[in-house]
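So the structure is just underneath, and the comments pick up after that.
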Amino acid sequence: MGLFDAFKGKKSANAEPSAPVQELTAYISGRAIPIEEVNDPVFALKSLGDGMAIRPEGQTVTAPCDGEISMAAETGHAIGIAVNNGAELLLHIGIDTVSLNGEGFQLLVKEGSRVRQGDPLLKFDKALVEKNGFSTDCILIVTNPEDFPDLKFLCGADVRQNETLIGTFYTRVH
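Under my numbering, the first residue of the sequence shown is numbered 12, with each subsequent residue one higher.
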């Protein structure tokens, strides 16, 4: 047993001041809303994990933090990011937009690419998505929230892409 091992059991399961904080910045400008307000039960009931959405003003989605692209849907409507701290993010553009079969979406990254916060990930044609009757809510999900009990999101405010802090959580301590 190491000198500091005796203190490990006394740490709170919540805030750990010694653990680095992972920050997420707005991946698109618009109105940040709670995940419960997304008009799709899979997201709203947190079936895929905890998160939030932004009702977008723009049409380019950027990386909310540094990481590696773990998944890029062929249809261009969804991207997965493996964050350096072990968090798994899903960025999903719109509701039921997979049915557009890629029309109006352009991937700017591929699986395995390393990205930095603010790097462009994908573009979408907001007018085309809306014309086809789909929501353009840009959803961010942490798919393994059980590993990050201090996960917090900023909702109910207008956010600016690559500037506004929209989420924080402590880096998982192994």
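From the three backbone atoms N, C-alpha and C, an ideal C-beta is built for every residue, glycine too.
Can you name the start and end residues of the beta strand (DSSP E) that residue i belongs to?
i, result
"N43", "Looking at the sequence itself, residue 43 is Ala, so the reference to Asn does not match. Its beta strand (DSSP E) spans residues 41 to 45."
"P67", "61 to 67"
"H88", "From DSSP, H88 is part of no beta strand (DSSP E); its letter is neither H nor E."
"E34", "32 to 36"
"T73", "71 to 73"
Can you name the start and end residues of the alpha helix (DSSP H) that residue i belongs to?
i, result
"L139", "137 to 142"
Helix, strand or coil, according to DSSP, for residue i in the structure here?
i, result
"F180", "strand"
"V49", "coil"
"S81", "strand"
"F145", "coil"
"A168", "strand"
"F159", "coil"
"V120", "coil"
"A26", "With a pLDDT of 44 at A26, under the threshold of 50, the modelled position of that residue is not reliable, and no figure is offered here."
"T108", "helix"
Would you mind giving the Cβ-Cβ distance between residue i and residue j, rounded to the nearest angstrom? I have them listed as a contact below 8 angstroms.
i, j, result
"Q33", "F145", "That belief does not hold up - the Cβ atoms of Q33 and F145 are roughly 31 angstroms apart, past 8 angstroms."
"Y38", "C166", "No, Y38 and C166 are not in contact; Cβ-Cβ is about 14 angstroms, not under 8 angstroms."
"I59", "T154", "Looking at the sequence itself, residue 59 is Leu, so the reference to Ile does not match. Yes, they are in contact, since the Cβ atoms of L59 and T154 sit about 6 angstroms apart, within 8 angstroms."
"V72", "L102", "6 angstroms"
"L100", "G87", "The pair is not a contact, with the Cβ atoms about 17 angstroms apart (cut-off 8 angstroms)."
"K137", "Q70", "5 angstroms"
Original post:
Per the contact definition of three or more C-beta pairs closer than 8 angstroms, is the region 116 to 128 in contact with the region 76 to 85?
Top reply: yes
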